[in-house]
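Numbering (my numbering), first residue to last: 6 to 190.
All C-beta atoms, glycine included, are put in the ideal place defined by N, C-alpha and C.
Reviewing the structure listed below.
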């Protein structure tokens, strides 16, 4: 007869977070994850690593898209952050849905020039239905055709169109250039 306490679930642990990166195809999810890995010190500066670390299947490298959700982890202080890089192509929406069942929140990545597109709507709807907290990440803000203010307004409208409640519509916004490896609030 054991008097031990049940082990904590992942939601009880303060030292662990599971996050999915979701977006329309080509908005920069894999590039963002790769930049996070580089900046977290996952690689030595002299280490020869493929440009797209997360897209490891030959077909993914050939097509330049993520087909299967992949996971990796970075550390932020004492917290381990497990990251799921999800496909952005509509044909692989089932992979996104499966990934969302395993996470505590999502980074919704949106291209600063293109704004929200059909897959953006799909992944956001799934995240809101699952009651997952969302952090909006506006990528490619350095491009000359970036429409940063308009894109953020379009995202607020999309949240409202998807019946987000007051709690869900209060989300942080990060502005970044994933390729260059920088971000700011």
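Nearest-angstrom Cα separation, counted from residue j out to residue i
{"i": "residue 21", "j": "residue 110", "result": "12 Å"}
{"i": "residue 82", "j": "residue 42", "result": "15 Å"}
{"i": "residue 137", "j": "residue 162", "result": "18 Å"}
{"i": "residue 107", "j": "residue 101", "result": "10 Å"}
Range covered by the alpha helix (DSSP H) that runs through residue i
{"i": "residue 21", "result": "Per DSSP, residue 21 belongs to no alpha helix (DSSP H); it is in the beta strand (DSSP E), 21 to 28."}
{"i": "residue 135", "result": "Careful: residue 135 lies outside any alpha helix (DSSP H) and carries neither H nor E."}
{"i": "residue 107", "result": "Segment: none, residue 107 is in no alpha helix (DSSP H) and carries neither H nor E."}
Neighbourhood of residue i by C-beta, 7 Å cutoff - its chain only, sequence neighbours within 5 removed
{"i": "residue 36", "result": "183 and 184"}
{"i": "residue 135", "result": "105"}
Buried versus exposed call for residue i [16 or more other C-beta atoms within 10 Å across all chains shown]
{"i": "residue 91", "result": "buried"}
{"i": "residue 170", "result": "exposed"}
{"i": "residue 27", "result": "buried"}
{"i": "residue 116", "result": "buried"}
One or two residues paired with residue i in a DSSP bridge
{"i": "residue 141", "result": "113 and 178"}
{"i": "residue 128", "result": "Paired residue(s): none; residue 128 is not in a bridge."}
{"i": "residue 77", "result": "88"}
{"i": "residue 189", "result": "180"}
Min CB distance residue i to chain D below 8 Å
{"i": "residue 151", "result": "Checking the listed chains, one finds no chain D in this structure; it contains a single protein chain."}
Residue i, enclosing beta strand (DSSP E) - first and last residue
{"i": "residue 84", "result": "84 to 90"}
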